[in-house]
Amino acid sequence: MMRRLSLLAACLAATLLVGAPAFADCVPSEFPDGWLLEQEHKGGHTVDRHVSKSEAWLIDRLKRDRKIPAASSFPDRVTARQVIGLALAPDENDLDEWARTARAGEVAEIRMAFEQPIGRIVVRGKAVGEPAFGLRLFVRALGDGNCFLLTAYPTHGG
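Below, the structure written as structure tokens:
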């Protein structure tokens, strides 16, 4: 399991926040059914671009967006929510600390590898998709101690 986050920034924030007022948590302790849709309303696009997309849709997305090297999708919202929760949970406190001092628009990235496929990925230049065993996600700070899931998508590995 691999995770990457600026823990130095989170530790620095924790040191500076002694005695600071409490803020809302950036990352929830639980991820209820409607959580992903809430993230979409805050500006995220995980469901819109990376959930329940067919292989044909992914291939078409690669044709439409020449900048991306691959397109991927979780099979359904339940799978997406579960793997995103698994990736965020170990860094929940660090992300909360980061969000308390992060400026609006700053982004934290987390990657995680799984033993079983979590979705499908189509790589530019390939005619068919393949199983995806990794997750890449981005959390964007709102500048007030809060954040939202900007996007999350399956990758080849962590």
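Taking our numbering, the leading residue of the sequence shown gets 32, the next gets one more, and so forth. C-beta: ideal position from N, C-alpha, C; glycine also. Small disclaimer: the values here were computed from a predicted structure and weren't measured.
- Inter-residue distance for K157 and I141 is about 26 Å (C-alpha atoms, whole angstroms).
- In the three-state DSSP reduction, R151 falls in the strand class (E or B).
- Exclusion of the five residues before and after E137 leaves A172 as the residues of its chain whose Cβ lies within less than 6 Å of its Cβ.
- Per the C-alpha coordinates, the member of Q70, L168, V109 and E61 positioned closest to A120 is E61.
- Within the same chain, T77, F179 and L180 come within 7 Å of Q70 by CB-CB distance, once the 5 residues on both sides are set aside.
- A Cβ-Cβ separation of about 22 Å leaves A144 out of contact with W129 under the 8 Å criterion.
- Going by beta carbons, V154 and A101 fall inside the 7 Å limit.
- DSSP, reduced to helix, strand and coil, places P106 outside both helices and strands of the structure shown, so it counts as coil.
- For A133, same chain residues with a beta-carbon under 6 Å away, outside a window of 5 residues either side, are A172 in chain order.
- Per DSSP, reduced to three states, the secondary structure at I141 is strand.
- In the DSSP assignment, the residues bridged to C178 are A172.
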